[in-house]
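Residues 1 to 185, numbered by UniProt numbering, are exactly what the sequence shown covers, in order. Everything on this sheet refers to the single structure shown next.
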Amino acid sequence: LNFLVNKKYIPVYPPFFMKKNIMEECAELDDFEETLYKIPSTSNSTLSSQQVSTSPTKISSQADIKDDTTCNSQKKTNIPSNEDLTRDDLFLIATSEQPLCALHKDETIESKRLPLKYAGFSSCFRKEAGAHGKDIRGILRVHQFDKVEQFCIALPQHSNKIHEEMIQTCEEFYQSLNIPYRIVS
Numbered sequence: 001l002n003f004l005v006n007k008k009y010i011p012v013y014p015p016f017f018m019k020k021n022i023m024e025e026c027a028e029l030d031d032f033e034e035t036l037y038k039i040p041s042t043s044n045s046t047l048s049s050q051q052v053s054t055s056p057t058k059i060s061s062q063a064d065i066k067d068d069t070t071c072n073s074q075k076k077t078n079i080p081s082n083e084d085l086t087r088d089d090l091f092l093i094a095t096s097e098q099p100l101c102a103l104h105k106d107e108t109i110e111s112k113r114l115p116l117k118y119a120g121f122s123s124c125f126r127k128e129a130g131a132h133g134k135d136i137r138g139i140l141r142v143h144q145f146d147k148v149e150q151f152c153i154a155l156p157q158h159s160n161k162i163h164e165e166m167i168q169t170c171e172e173f174y175q176s177l178n179i180p181y182r183i184v185s
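Structure follows, in structure tokens:
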């Protein structure tokens, strides 16, 4: 995480739960629904704000990032009320990309603010199912794991350049650890 913060990525610790309708906007839910953990409904009661965080939290870091791109729950206007949060439509996140994708939902971001670069640190939750790893020999799959991810928002004409920068950042990280790596395209 510190490696990305030193590269001017904004660290974000996203919530573990996402509403189904938001998850559907961020991913092809039908392709992954069998690998996601749905929170079973035990009643029609709502969850308290202590049980479900509805917005990502900026992680304090040594980096001095002082622009208006920091994730601040007070600035968000599309946060659902507690009455809107029922267990019927909540899923545990499979990756921090899902809540990071939803971070600027319904916002228009001025081009001068782009690219936005986020370092998502999260616990991820996935079931063993389908073609997404269950049958791959030699790879240990677990249902809960932590990871750090790069997530960038850029103008379409700059997306290839940003993608190359992300790959370069990964390479520099592995080189800093002095471990072998391979780029798979």
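Idealized CB from N, CA, C, for every residue including glycine. Given the structure is predicted, the values throughout are model-derived calculations rather than measurements.
Nearest-angstrom Cα distance between residue i and residue j?
| i | j | result |
| --- | --- | --- |
| Q175 | Y181 | 8 Å |
| Q144 | R113 | 34 Å |
| E24 | L90 | 11 Å |
| E34 | K20 | 13 Å |
| E171 | V184 | 12 Å |
| E110 | S159 | 16 Å |
| E164 | F173 | 14 Å |
| M18 | D146 | 17 Å |
| I39 | H104 | 24 Å |
Sorted by chain position, which residues of the same chain lie with C-beta nearer than 6 Å to residue i's C-beta, five sequence neighbours on each side aside?
| i | result |
| --- | --- |
| K117 | Y9, C152 |
| A154 | L114, P115, I162 |
| A102 | I22, C26 |
| Q150 | M166 |
| residue 240 | The requested residue 240 does not occur in the structure, where the chain is confined to residues 1 to 185. |
| F32 | none |
| K127 | T35 |
So what does DSSP say about residue i, is it helix, strand or coil?
| i | result |
| --- | --- |
| E97 | helix |
| V5 | helix |
| D146 | strand |
| A119 | strand |
| K161 | helix |
| Y174 | helix |
| L92 | strand |
| P14 | coil |
| K127 | coil |
Report yes if the C-beta distance between residue i and residue j is below 8 Å; otherwise report no.
| i | j | result |
| --- | --- | --- |
| L4 | A119 | yes |
| S96 | F16 | no |
| T169 | K7 | yes |
How should residue i be labelled, buried or exposed, when 16 other C-beta atoms within 10 angstroms of its C-beta is the threshold for buried?
| i | result |
| --- | --- |
| Q157 | exposed |
| Q98 | buried |
| L100 | buried |
So, for residue i: in the same chain, excluding its five sequence neighbours on each side, which residues have a beta-carbon less than 7 Å away from its beta-carbon?
| i | result |
| --- | --- |
| L1 | P11, A119, F121, V148 |
| L29 | M23 |
| I179 | none |
| L177 | none |
If you measure from the CB of residue i, is any heavy atom of the ligand ATP nearer than 7 Å?
| i | result |
| --- | --- |
| K161 | With respect to small molecules bound, the structure shown includes none, and the ligand ATP cannot be examined in it. |
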